[in-house]
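Colleague: Sharing a structure, written as structure tokens. Questions coming.
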Amino acid sequence: MSMLIFEISKPGRRCSTLPKCDVDFVAVPEEFKRNIPMNLPEVAEIDLVRHYTNLSRNAFGVDNGFYPLGSCTMKYNPKINEDVAALKGFTAVHPLQPEETVQGSLEAMHVLGDRLCKITGMDAITLQPAAGAHGEFTGLSMIKAYQLDKGETQRNKLIVPDSAHGTNPASAVMAGFTVVNIPSTPEGTVDIDALKKAVGDDTAALMLTNPNTVGLFEKDIVKIAEIVHNAGGLLYYDGANLNAVMGITRPGDMGFDVTHLNLHKTFSTPHGGGGPGSGPVACKAILAPFLPAPVVTFNNGAYTFAKPAKSIGRVRSFYGNFLVYIRALTYIMSIGAEGIREAAENAVLNANYMMEMLKDSYDVPFGGPCMHEFVLSIERLKKQTGISAADIAKGLVDKGIHPPTMYFPLIVPEALMLEPTETESRETLDNAIRAFKEVYAMAFDNPQALRDAPLTTPVGRPDETTAVRNPILSYTVNN
Amino acid sequence: MKLPEDLFFSKTHEWVRYEQDGTAFIGLTDHAQEALGDVAFINLCDEGESFEFGDVIGDIESIKAVTDVYTPVSGTVTHVNDELLDAPEKINSDPYGSWLVEFEGVARNEELLDAEGYEKFLAETE
Numbered sequence: 000m001s002m003l004i005f006e007i008s009k010p011g012r013r014c015s016t017l018p019k020c021d022v023d024f025v026a027v028p029e030e031f032k033r034n035i036p037m038n039l040p041e042v043a044e045i046d047l048v049r050h051y052t053n054l055s056r057n058a059f060g061v062d063n064g065f066y067p068l069g070s071c072t073m074k075y076n077p078k079i080n081e082d083v084a085a086l087k088g089f090t091a092v093h094p095l096q097p098e099e100t101v102q103g104s105l106e107a108m109h110v111l112g113d114r115l116c117k118i119t120g121m122d123a124i125t126l127q128p129a130a131g132a133h134g135e136f137t138g139l140s141m142i143k144a145y146q147l148d149k150g151e152t153q154r155n156k157l158i159v160p161d162s163a164h165g166t167n168p169a170s171a172v173m174a175g176f177t178v179v180n181i182p183s184t185p186e187g188t189v190d191i192d193a194l195k196k197a198v199g200d201d202t203a204a205l206m207l208t209n210p211n212t213v214g215l216f217e218k219d220i221v222k223i224a225e226i227v228h229n230a231g232g233l234l235y236y237d238g239a240n241l242n243a244v245m246g247i248t249r250p251g252d253m254g255f256d257v258t259h260l261n262l263h264k265t266f267s268t269p270h271g272g273g274g275p276g277s278g279p280v281a282c283k284a285i286l287a288p289f290l291p292a293p294v295v296t297f298n299n300g301a302y303t304f305a306k307p308a309k310s311i312g313r314v315r316s317f318y319g320n321f322l323v324y325i326r327a328l329t330y331i332m333s334i335g336a337e338g339i340r341e342a343a344e345n346a347v348l349n350a351n352y353m354m355e356m357l358k359d360s361y362d363v364p365f366g367g368p369c370m371h372e373f374v375l376s377i378e379r380l381k382k383q384t385g386i387s388a389a390d391i392a393k394g395l396v397d398k399g400i401h402p403p404t405m406y407f408p409l410i411v412p413e414a415l416m417l418e419p420t421e422t423e424s425r426e427t428l429d430n431a432i433r434a435f436k437e438v439y440a441m442a443f444d445n446p447q448a449l450r451d452a453p454l455t456t457p458v459g460r461p462d463e464t465t466a467v468r469n470p471i472l473s474y475t476v477n478n
Numbered sequence: 000m001k002l003p004e005d006l007f008f009s010k011t012h013e014w015v016r017y018e019q020d021g022t023a024f025i026g027l028t029d030h031a032q033e034a035l036g037d038v039a040f041i042n043l044c045d046e047g048e049s050f051e052f053g054d055v056i057g058d059i060e061s062i063k064a065v066t067d068v069y070t071p072v073s074g075t076v077t078h079v080n081d082e083l084l085d086a087p088e089k090i091n092s093d094p095y096g097s098w099l100v101e102f103e104g105v106a107r108n109e110e111l112l113d114a115e116g117y118e119k120f121l122a123e124t125e
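Going line by line, the protein sequences match chains A and B. Be aware that the first sequence starts at 0, since it is given in numbering that gives the first Met the number 0, and climbs by one per residue. Be aware that the second sequence starts at 0, since it is given in numbering that gives the first Met the number 0, and climbs by one per residue.
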């Protein structure tokens with residue numbers, strides 16, 4: 000393993016030589032001085048460059064190779080996004096500047112919000128939340144405020160299907176709801192009868208992903224929305240899977256009242272050990288008064304920040320991850336409305352192509368065409384060969400492919416979940432299909448080699464159980 | 000693996016061992032630990048809490064997922080296996096020797112399966 004930057008530090012080493020100070024030295028007032036010196040690493044430029052270059056070579060990102068991590072939409076992030084986000088007008092501003100001096104930045108936020116509302120079929124938006132689960136918490140807090148405002152204090156139950164993203168029940172509990180789990184049908188979609196039984200005058204909302212986590216479109220969504228609305232509940236759309244349907248259908252048209260979007264998934268901004276993420280929340284007019292403050296509005300020819308009438312308050316310092324907005328806006332404006340639709344169509348096409356090509360070896364638990372992602376089950380292979388989903392994933396690493404999502408969704412034993420995204424070419428998909436089949440054959444021909452994989456990475460098989468039980472999350476500097 | 004004949008089983012993969020004095024021990028089946036993978040943490044209810052059949056009495060975290068543990072019997076918890084909280088890996092190595100909680104005032108739950116019935120249930124669901 001590489002050393003930490005603190006471990007290669009030597010006192011007095013510097014990256015640059017500054018000219019002699021030609022102004023008078025002014026001492027920092029005593030009361031503002033630190034008691035102990037700041038412990039910053041001291042390294043020469045060559046060591047600094049090598050340290051981070053080597054770290055980057057030990058990592059794997061979408062710029063290195065195919066990254067079919069299901070439920071994560073690891074699409075390529077066009078570099079034009081970076082060019083625009085690096086423009087001085089966006090980087091050399093301060094969040095405390097007067098509104099009239101940052102009209103361009105406010106306009107960018109307003110235009111992005113407007114585009115996202117159009118894509119989701121919603122009326123109003125906040126860009127503040129810093130990531131998807133943060134968006135869930137924000138949207139659910141708005142639902143809570145809405146129900147309380149109506150005097151419906153008994154509505155404390157949030158219905159979540161058992162196939163949901165793990166963040167859904169977690170966000171619901173954090174927002175103060177009690178979670179009611181409903182089972183999925185054998186086809187992997189919402190069980191309408193179970194939903195009918197679950198709703199009542201204590202229902203605050205239903206939280207749903209569509210397409211759902213097994214990659215299937217909930218065809219009964221309009222009926223589902225009707226059942227929940229008739230019971231007095233609202234519908235929350237988990238926007239994690241929006242990439243499958245954007246430009247084709249909209250959560251707002253399906254009957255949803257509020258949704259978060261993952262700019263770092265659907266709108267091509269960086270994520271995965273990096274980011275930062277961004278999880279705007281868009282809603283119908285009935286929830287707009289409860290949006291976090293401030294929101295950007297346009298009045299009398301000028302952009303201003305405003306506080307919605309019954310705002311749940313601030314959910315993030317300042318205005319959220321502003322430069323991520325610029326990247327997402329660049330993406331939306333560079334591909335346009337047609338491009339948005341085409342991205343969704345190709346995402347679905349690529350997933351179906353891979354699924355069809357892998358069907359003759361891997362088991363596909365849910366039949367029929369999938370949406371933007373699909374699930375394979377390694378259960379039968381495990382019984383035949385002892386090779387698990389994790390072993391298959393490790394084998395793929397040696398083929399230069401980032402593993403698919405493992406052991407999710409929970410309703411599929413030994414699950415592998417693949418989301419190729421629209422940005423991959425036919426050639427990349429064909430190479431990946433070949434690699435998946437080779438690893439599958441290895442389970443029979445040379446299972447030990449798979450158990451030993453990966454051999455090509457700096458770290459092979461870390462002790463995950465010990466890492467979970469006794470995580471070492473900090474490093475103590477020896478002075 | 001052979002299932003212990005003196006245990007009864009739920010369809011959510013918990014086992015129960017009835018004692019002569021009306022108490023009962025609860026644990027997770029071999030199938031459950033196999034499906035979970037290496038167990039990292041287990042959270043259990045407090046002693047003195049009462050539950051109905053099917054209630055959640057805790058959750059178990061493996062490197063794959065976090066899953067609820069449901070009680071296969073109704074009654075009041077008299078003991079929680081503290082030793083297991085510190086060494087949850089015992090659930091993997093000895094699932095039928097690793098009880099989670101002890102209940103008192105337990106009546107026989109007719110909905111549970113005996114060893115043969117549970118074996119059949121496992122074969123059917125596969």
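Idealized CB from N, CA, C, for every residue including glycine.
Beta carbons nearer than 9 Å to chain A: which residues of the segment 34-64 of chain B have them?
Modeller: Within the segment 34-64 of chain B, the residues whose Cβ lies closer than 9 Å to some Cβ of chain A are 34, 36, 37, 38, 39, 40, 60, 61, 62, 63, 64, listed in chain order.
Colleague: Which residues mark the beginning and the end of the alpha helix (DSSP H) in which residue 46/A is found?
Modeller: Note, residue 46/A: alpha helix (DSSP H), 44-57.
Colleague: Between the segment 434-446 of chain A and the segment 192-200 of chain A, do three or more beta carbon pairs fall short of 8 Å?
Modeller: Taking 8 Å as the limit for Cβ pairs, the verdict is that the segment 192-200 of chain A does not touch the segment 434-446 of chain A.
Colleague: What residues from chain B crowd round residue 463/A, counting only those whose CB sits closer than 8 Å?
Modeller: 37, 62, listed in chain order.
Colleague: Out of 79/A, 270/A, 60/A, 292/A, state which residue places its alpha-carbon closest to the alpha-carbon of residue 280/A.
Modeller: Answer by Cα proximity: 292/A.
Colleague: Would you identify the three-state DSSP class for residue 134/A, choosing helix, strand or coil?
Modeller: In this structure, residue 134/A counts as helix in the three-state DSSP scheme.
Colleague: With distances taken between CB atoms, is the gap from residue 384/A to residue 446/A smaller than 9 Å?
Modeller: It is a contact, given that the beta carbons lie within the stated cut-off.
Colleague: Could you check the C-alpha separation between residue 76/A and residue 63/A for me, to the nearest Å?
Modeller: Taking the straight line from one Cα to the other gives about 12 Å.
Colleague: According to DSSP, what are the bridge partners of residue 303/A?
Modeller: Answer is 296/A, bridged to residue 303/A.
Colleague: Can you pull the chain B neighbours of residue 47/A, defined as C-beta to C-beta under 7 Å?
Modeller: Correct list: empty, because the minimum Cβ distance to chain B is about 35 Å.
Colleague: In terms of alpha-carbon separation, which member of 186/A, 165/A, 158/A, 189/A lies closest to residue 178/A?
Modeller: The shortest C-alpha separation from residue 178/A is found at 158/A.
Colleague: From the DSSP output, read off the bridge partner residues of residue 376/A.
Modeller: Answer is 362/A, 414/A, bridged to residue 376/A.
Colleague: For residue 89/B, which residues of its own chain have a beta-carbon under 7 Å away from its beta-carbon, when the five flanking residues on both sides are left out?
Modeller: Taken in chain order, the residues that qualify are 83, 97.
Colleague: Output yes if chain B places a C-beta closer than 9 Å to the C-beta of residue 365/A; else output no.
Modeller: Not closer than 9 Å to any Cβ of chain B, the Cβ of residue 365/A fails to qualify, so no.
Colleague: So, do the segment 130-138 of chain A and the segment 257-273 of chain A have three or more beta carbon pairs nearer to each other than 8 Å?
Modeller: With the cut-off at 8 Å, the segment 130-138 of chain A and the segment 257-273 of chain A touch.
Colleague: Kindly indicate which residue of 93/B, 71/B, 87/B, 61/B has the alpha-carbon position closest to the one of residue 112/B.
Modeller: With distances taken between Cα atoms, residue 112/B lies closest to 71/B.
Colleague: Along chain C, which residues have their Cβ under 8 Å away from the Cβ of residue 409/A?
Modeller: Protein chains in the displayed structure are A and B, and chain C is not among them.
Colleague: Starting from residue 78/B, trace the beta strand (DSSP E) in both directions and tell me its first and last residue.
Modeller: Looking at the DSSP string, the run of the beta strand (DSSP E) that includes residue 78/B is 74-79.
Colleague: Helix, strand or coil for residue 211/A per DSSP?
Modeller: Three-state result, residue 211/A: coil.
Colleague: Which residues in the same chain have their Cβ closer than 7 Å to the Cβ of residue 397/A, if we skip the five residues on either side of it in sequence?
Modeller: Once the five neighbours on either side are set aside, the close Cβ partners of residue 397/A are 452, 453, 454, 455.
Colleague: Let's see if you can read the secondary structure: which residues bound the alpha helix (DSSP H) around residue 339/A?
Modeller: Residues 321-357.
Colleague: Locate the alpha helix (DSSP H) running through residue 433/A, then write down its first and last residues.
Modeller: Its alpha helix (DSSP H) spans residues 425-444.
Colleague: Any Cβ of chain B within less than 9 Å of the Cβ of residue 361/A?
Modeller: Not an interface residue.
Colleague: Going by the CB atoms, is the gap between residue 203/A and residue 264/A shorter than 9 Å?
Modeller: No, the Cβ-Cβ distance between residue 264/A and residue 203/A is not below 9 Å.
Colleague: Using CA atoms only, rank isn't needed, just tell me which of 334/A, 110/A, 221/A is closest to residue 422/A.
Modeller: That would be 334/A, whose Cα lies nearest to the Cα of residue 422/A.
Colleague: Within a Cβ cutoff of 6 Å, which residues of the same chain sit near residue 146/A, ignoring the five residues on either side of it in sequence?
Modeller: The answer, listed in chain order, is 154, 203.
Colleague: When burial is assigned at 16 or more other CB atoms within 10 Å of the CB, is residue 15/B buried or exposed?
Modeller: So residue 15/B counts as buried.
Colleague: Closest to residue 402/A by C-alpha separation, out of 409/A, 391/A, 410/A, would be which residue?
Modeller: Ranking 409/A, 391/A, 410/A by Cα distance to residue 402/A puts 391/A first.
Colleague: When the cut-off is 9 Å and only beta carbons count, does residue 467/A lie next to chain B?
Modeller: Judged by the 9 Å Cβ criterion, residue 467/A is in contact with chain B.
Colleague: Helix, strand or coil for residue 268/A, going by three-state DSSP, please let me know.
Modeller: DSSP places residue 268/A in coil when its eight states are reduced to three.
Colleague: Following the continuous beta strand (DSSP E) through residue 191/A, name the residue where it begins and the one where it ends.
Modeller: Per DSSP, residue 191/A belongs to no beta strand (DSSP E); it is in the alpha helix (DSSP H), 191-197.
Colleague: List, from N- to C-terminal side, the alpha helix (DSSP H) runs of 4 residues or more that fit wholly inside the segment 10-43 of chain B.
Modeller: Whole alpha helix (DSSP H) segments, 4+ residues: 29-35.
Colleague: Name the DSSP bridge partner or partners of residue 57/B?
Modeller: DSSP output for residue 57/B lists 43/B, 68/B as bridge partner(s).
Colleague: If we ignore side chains and look at the alpha-carbon of each, how far apart do residue 341/A and residue 81/B end up?
Modeller: So the two alpha carbons sit approximately 56 Å from each other.
Colleague: For a quick check, are the C-beta atoms of residue 287/A and residue 144/A less than 9 Å apart?
Modeller: In this structure, residue 144/A does not lie closer than 9 Å to residue 287/A by Cβ.
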